[in-house]
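Here's the structure we're looking at; comments come further down.
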Amino acid sequence: MSKKRYAIVLDTKKCLNCKACTVACKFENGVPVGDETYRIWVTALPLQGEYPNLHQEYQPSQCQHCENTPCASVCPTHATYKTEEGVVLVDYDKCILCKACMTACPYDARFVSEHHKAVEKCTMCYHRLGEGREPACVETCPTKVRVFGDLNDPNSKVSKLLASRGFYQLKPDRNTRPRLFYLK
Amino acid sequence: MAAHVEKKSLFTLNKDIPAYPFIILGLILLAIGGIAVLQVLLKGHEAVYGVTREVPWGLLIATYAYFVITSTGLAFIGGLGHAFGYEKYAKMSRRIVVMAFVILLAGFTQIGMEIGHPIRLMIYLILSPNLRAPIVWMGVFYSIELVILAIELYMVFNPDKVSHSASAVVGFFALLVGTVATSNLGYVFGSLNARPFYHGIYFSTFLVISGITAGAAMLMLIHNIVYKGRIPSDLEDSMTALGKLMGLGIGLMIFLYFWKIMSSLYTEPKGAYEAVLAMLKGPLSVNFWIGEVGLAVVLPLLIIVFTKARNMKALGFAGFIYMIGLFFTRFDFIVAGQLPPMRAGYEGSGVHTTISGLAHYSPSAGEWMIFALGWGVFLFLYFAAEKYLNLETEHH
């Protein structure tokens, strides 16, 4: 039986840095306010080109939901695990807050949640997926930077985008095989 | 083999041993640590500790490593005495075992206060252990080490009830499990995909070597304190043997240090290179050059070489400064590997970096107070044992 393999494809050239995704994520998931408590972020990359022909790109990012998950490998209690659809989640009740997953994650995608008393991260809004809804960051993006879908379905938007456009993944040297794809 | 046998009872009041100042100091440190424990329980780890999203492991992981690796180093030296017949070390076996046991407990206080849910850890290590996770094996090996040391404690205080062969077998396992536990601790760090500084065999080896050296240093220091610098003549050979073991250990540390740094500079592996530079000329450079190189390598080695490990007071001093230097070694090891950030600190990234592009970490008062708790546990329990137990090993 073919399982779903969820992924997010990002077209960063469409990003306005409006931060709607980060706000939506905080609202949807009750992420606490704070400098270090965020599940997703939008980085303003350095200016490129020479004056007056300057341009800037933004890079929205989050947990990469890696196929090879260094966070889950080092978790002593299986608190970090991967669903059959490839979504990496944290079982808050099993997390002992050893923070090994935070030190192992090459994307700095995790933080300690005072609310959950556990390590927290992006869940791809897993609670929405069963209802056929998209992650909050995807749903709210005004320019549709983010596209969410099933890699196993050749007719899904993500599969079509990846088939038709060039893409890259973050830190390929870490061999984590992320499920976030950035269009070139 | 010494033939002298003089039975003493286990419990005694050793008037000559200057233990009270250390017991009192231990109690003060325990009180300071106790305040921090209360703060952590009331306010939570995040409010009390200075660790960050970028540097999640800080001082307490360093002091945990400092204590438990010293314990396994002591167990290794004890094992040399019991299992391999190194009589010079066997003559100190009671002190070795008591010290190893107590310093392991001190280490457990550090990891116990570092981990957010230590009780949950014990539950889920049984219910749903991830056997791929090196931390699971760290827990297993250090727990076994504690049990073996407890058995050794029984044996060294009841030599009449224990055969030589049983003592040798237990001593061998203390040595073996200690080595496995410490090298596995190197693997705990080496298994972190994101931190290339820790990768490879280097730290697994380095931690074992520096731990054995720390065991020797602690024994030389404690014997000098207990005997007020006047080491009994029948222990002088043992002290000299420890001094030579320590000299050898430091020599190996230099060897490992040098090639680790050279290879990191030569190939510039991303993450590891920045970590090494942070130690050589970055935010950890004072720690590295004065603490690690000066106090843990150069000075103690010079003392050992120039005294030929025959000046007892000098050996005690060498042990003392080595243990101070080793603290910097452990701290730098933990922190340096995490200073290269996973993402550049550009606007909006949420990453906090210094002007040099590195993450920043500075221990909080609460973390130092938990560090005091570890020393409090060690000083109080160990010197209470010195005061009220007979730690002179009976020759057998």
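Quick note, the sequences are listed as chains A and B, same order.
Quick note: the first sequence uses this note's numbering, first residue 1, plus one each step.
Quick note: the second sequence uses this note's numbering, first residue 1001, plus one each step.
Note that CB positions come from ideal geometry on N, CA and C, so glycine has one too.
In chain B, what lies closer than 8 angstroms to Asn17/A by C-beta?
Within the first sequence, numbered from 1, the residue matching residue 17/A stands at position 17. By Cβ distance, chain B contributes Gly1348.
Find out if the Cβ-Cβ distance for the pair Leu1221/B, Met1092/B is shorter than 8 angstroms.
Along the second sequence, read from residue 1 onward, the residue named residue 1221/B stands at position 221. Along the second sequence, read from residue 1 onward, the residue named residue 1092/B stands at position 92. Not closer than 8 angstroms, so no.
Using the rule of at least 16 other Cβ atoms within 10 Å of the residue's Cβ for burial, across every protein chain shown, is Met1001/B buried or exposed?
Working through the second sequence from its first residue, we reach residue 1001/B at position 1. The predicted model places Met1001/B with a pLDDT of 38, which falls under 50 and marks its position as unreliable, so this point remains unresolved.
With burial defined as no fewer than 16 other Cβ atoms inside 10 Å of the residue's Cβ, what is the status of Leu1042/B: buried or exposed?
Walking along the second sequence from the start, residue 1042/B turns up at place 42. Label assigned to Leu1042/B: exposed.
Can you have a look at Leu1021/B and say buried or exposed, based on whether 16 or more other CB atoms are within 10 angstroms of its CB?
The residue given as residue 1021/B occupies position 21 in the second sequence. Going by the sequence as given, residue 1021/B is Pro instead of Leu. Per the 10 Å Cβ criterion, exposed.
Give a yes or no on whether 8 angstroms exceeds the smallest Cβ distance from Glu114/A to chain B.
Numbered from 1 along the first sequence, position 114 holds the residue referred to as residue 114/A. Interface residue, yes.
With a threshold of 8 angstroms between beta-carbons, can Gln1039/B be considered close to chain A, or not?
Taking the first residue of the second sequence as position 1, residue 1039/B is located at position 39. Cβ-Cβ to chain A under 8 angstroms: no for Gln1039/B.
In this structure, how does DSSP classify Tyr58/A when only helix, strand and coil are distinguished?
The count along the first sequence starts at 1 and reaches residue 58/A at position 58. Tyr58/A falls in the strand class under three-state DSSP.
At 9 angstroms on the CB atoms, spell out the chain A contacts of Val1351/B, in chain order.
Counted from its first residue, the second sequence places residue 1351/B at position 351. Those are Trp41, Thr43, Asp108, listed as they occur along chain A.
Is any beta-carbon of chain B found at less than 8 angstroms from that of Arg174/A?
Mapped onto the first sequence, residue 174/A falls at position 174. So, interface residue.
Can you tell me which of the three DSSP states Glu1268/B falls into?
If you number the second sequence from 1, residue 1268/B lands on position 268. Looking at Glu1268/B - three-state DSSP - the assignment turns out to be coil, as it is neither helix nor strand.
Asn1311/B versus chain A: which residues are under 7 angstroms apart at the beta carbon?
Indexing the second sequence from 1 puts residue 1311/B at position 311. Within chain A, no residue comes near Asn1311/B; the closest Cβ sits about 43 angstroms away, beyond 7 angstroms.
Whole-angstrom C-beta distance between Pro1134/B and Asn1193/B, which should lie under 8 angstroms:
Taking the first residue of the second sequence as 1, we reach residue 1193/B at position 193. Taking the first residue of the second sequence as 1, we reach residue 1134/B at position 134. Contact doesn't hold; Cβ gap of about 12 angstroms is too wide.
Assign Ile1254/B to one of three DSSP states: helix, strand, or coil.
Residue numbering aside, residue 1254/B sits at position 254 when the second sequence is read from its first letter. Helix, per DSSP.
Between Tyr1124/B and chain A, is the shortest Cβ-Cβ distance under 8 angstroms, so that the two count as touching?
Here residue 1124/B refers to the residue found at position 124 of the second sequence. It does: the Cβ of Tyr1124/B has a partner Cβ on chain A nearer than 8 angstroms.
Residues of chain A with CB under 9 angstroms from Met1342/B, in chain order?
Walking along the second sequence from the start, residue 1342/B turns up at place 342. Within chain A, the residues near Met1342/B are Cys105, Pro106, Tyr107, Asp108, Ala109, Lys171.
Can you tell which of Leu1219/B, Leu1207/B, Ile1119/B, Phe1076/B has the C-alpha that lies nearest to the C-alpha of Thr77/A?
Translated into positions along the first sequence, residue 77/A becomes position 77. The shortest Cα separation from Thr77/A among Leu1219/B, Leu1207/B, Ile1119/B, Phe1076/B belongs to Ile1119/B.
Please list the terminal residues of the continuous alpha helix (DSSP H) segment that includes Tyr1089/B.
As a position in the second sequence, residue 1089/B is number 89, starting the count at 1. Note, Tyr1089/B: alpha helix (DSSP H), 1087 to 1090.
Taking the alpha helix (DSSP H) that Trp1375/B belongs to, which residues open and close that run?
As a working mapping, residue 1375/B is identified with position 375 in the second sequence. Looking at the DSSP string, the run of the alpha helix (DSSP H) that includes Trp1375/B is 1365 to 1388.
Chain-order list of residues whose beta-carbon lies under 8 angstroms from that of Lys3/A (same chain, five-residue window excluded)
For the purposes of this step, residue 3/A is identified with residue 3 of the first sequence, where counting begins at 1. Glu84, Glu85, Asn152.
How many angstroms separate the CA atom of Thr140/A from the CA atom of Phe27/A?
Mapped onto the first sequence, residue 140/A falls at position 140. Mapped onto the first sequence, residue 27/A falls at position 27. Near 11 angstroms, if we compare the C-alpha coordinates of Phe27/A and Thr140/A.
Check whether the Cβ atoms of Ala1062/B and Arg1330/B sit closer than 8 angstroms, and answer yes or no.
Counted from its first residue, the second sequence places residue 1062/B at position 62. Counted from its first residue, the second sequence places residue 1330/B at position 330. Against a cut-off of 8 angstroms, the Cβ pair of Arg1330/B and Ala1062/B comes out as a contact.
Does chain A have any CB closer than 8 angstroms to the CB of Pro1056/B?
As a working note, residue 1056/B is residue 56 in the second sequence. Yes, contact with chain A.
If distances are taken between C-alpha atoms only, which option among Leu1242/B, Trp1375/B, Pro1363/B, Val1286/B comes closest to Val1055/B?
Position 55 of the second sequence holds residue 1055/B. Val1055/B has its Cα closest to that of Pro1363/B, out of Leu1242/B, Trp1375/B, Pro1363/B, Val1286/B.
Taking Cβ positions, are Lys171/A and Pro106/A nearer each other than 8 angstroms?
Locating residue 171/A in the first sequence gives position 171, where the first residue counts as 1. Locating residue 106/A in the first sequence gives position 106, where the first residue counts as 1. Lys171/A places its beta carbon less than 8 angstroms from that of Pro106/A.
Would Pro1363/B count as contacting chain A if we go by Cβ distances under 8 angstroms?
Position 363 of the second sequence, counted from the first residue, corresponds to residue 1363/B. At a cut-off of 8 angstroms between C-beta atoms, Pro1363/B does not count as an interface residue with respect to chain A.
Under 8 angstroms, Cβ to Cβ, is there at least one residue of chain B near Ala20/A?
Against the first sequence, residue 20/A aligns to sequence position 20. No, its Cβ sits nowhere closer than 8 angstroms to a Cβ of chain B.
Could you name the residues that DSSP lists as bridge partners for Ser1238/B?
Residue mapping note: residue 1238/B aligns to position 238 of the second sequence, counting from 1. Note: Ser1238/B sits in no beta bridge, so no partner.
With a Cβ-Cβ cutoff of 8 angstroms, do Gly1171/B and Gly1079/B count as a contact?
Locating residue 1171/B in the second sequence gives position 171, where the first residue counts as 1. Locating residue 1079/B in the second sequence gives position 79, where the first residue counts as 1. Cβ distance < 8 angstroms, so Gly1171/B and Gly1079/B count as in contact.
Taking the DSSP output, what are the residues bridged to Ser230/A?
Chain A is shown only over 1 to 184; residue 230/A falls outside these bounds and no answer can be derived.
Ordered list of beta strand (DSSP E) runs contained in the region 28 to 81 of chain A, each at least 3 residues
Qualifying beta strand (DSSP E) stretches, in chain order: 41 to 44, 48 to 50, 53 to 55, 58 to 61.
Of all the residues that make up the region 1041 to 1053 of chain B, which are near chain A by a beta-carbon distance shorter than 9 angstroms?
Gly1044, His1045, Glu1046, Ala1047, Val1051, Thr1052, Arg1053
Would you call Met1/A buried or exposed, if buried means 16 or more other Cβ atoms sit within 10 Å of its Cβ?
For the purposes of this step, residue 1/A is taken as residue 1 along the first sequence, with counting starting at 1. Only weak support exists for where Met1/A lies, its pLDDT of 46 falling under 50; the value from the coordinates is given anyway. The residue is exposed, with fewer than 16 neighbouring Cβ atoms inside 10 Å.
In whole angstroms, give me the CA-to-CA distance for Val119/A and Ser113/A.
Counting from one through the first sequence, the residue named residue 119/A turns up at place 119. Counting from one through the first sequence, the residue named residue 113/A turns up at place 113. Between Val119/A and Ser113/A, the C-alpha separation is close to 6 angstroms.
Using 8 angstroms for Cβ pairs, my map puts Val88/A next to Pro60/A. What's the rounded Cβ distance?
Indexing the first sequence from 1 puts residue 88/A at position 88. Indexing the first sequence from 1 puts residue 60/A at position 60. Between Pro60/A and Val88/A the Cβ distance is about 18 angstroms, and since that is not below 8 angstroms, they are no contact.
For Met124/A, I'd like the list of residues in its chain whose CB is within less than 7 angstroms of its CB, leaving aside the five on either flank, ordered along the chain.
To locate residue 124/A, count along the first sequence from 1; it is residue 124. For Met124/A, where only same-chain residues beyond five positions count, the Cβ hits under 7 angstroms are Tyr6, His65, Val87, Pro135.
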